[in-house]
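*Asks:* Questions regarding the structure given below will be posed in turn.
Structure follows, in structure tokens:
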């Protein structure tokens, strides 16, 4: 799968996590961890790991300005956390939203850099 495609999927997941967070607060319910949270988190975590590896390879090859592997690592860690946190109404709203915004920024920078060059990393 191409780096650009995975990056766009993760951008969508950021918005989905935010929507899910507000929906869980509105419904005032706790999810079933093994039937709802874990299957979704496992699928997203696999995509995040794949994205992280492809991003590292692309950054090493292209050496873009103002985009570093540390940013990719931070975004991956934050996303792994907020995907799970989005299911729980007790999550701190401010911290949760700031984490999503940080990841969205990194993803948007990566998309911009990918559009400037060839992004087909196998």
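Residue numbers (our numbering): 20 to 141.
C-beta atoms are modelled at their ideal positions from N, C-alpha and C, and glycine is treated no differently.
Model, not experiment: these values are computed from the prediction.
If the criterion is Cβ atoms closer than 8 Å, does the pair residue 50 and residue 101 meet it?
*Replies:* The answer is no: Cβ separation not under 8 Å.
*Asks:* DSSP on residue 21, reduced to helix/strand/coil?
*Replies:* Coil at residue 21, not helix or strand.
*Asks:* Mind checking residue 118: buried by the 16 CB within 10 Å criterion, or exposed?
*Replies:* By the neighbour-count rule (16 or more Cβ atoms within 10 Å), residue 118 is buried.
*Asks:* With residue 115 as the anchor, note down where its alpha helix (DSSP H) starts and where it stops.
*Replies:* That run of the alpha helix (DSSP H) goes 112–135.
*Asks:* Rounded to the nearest angstrom, what separates residue 79 and residue 86 at their Cα positions?
*Replies:* Going by the C-alpha atoms only, they are around 11 Å apart.
*Asks:* When you compare only the Cα positions, how much space is there between residue 47 and residue 89?
*Replies:* Roughly 36 Å separates the two Cα atoms.
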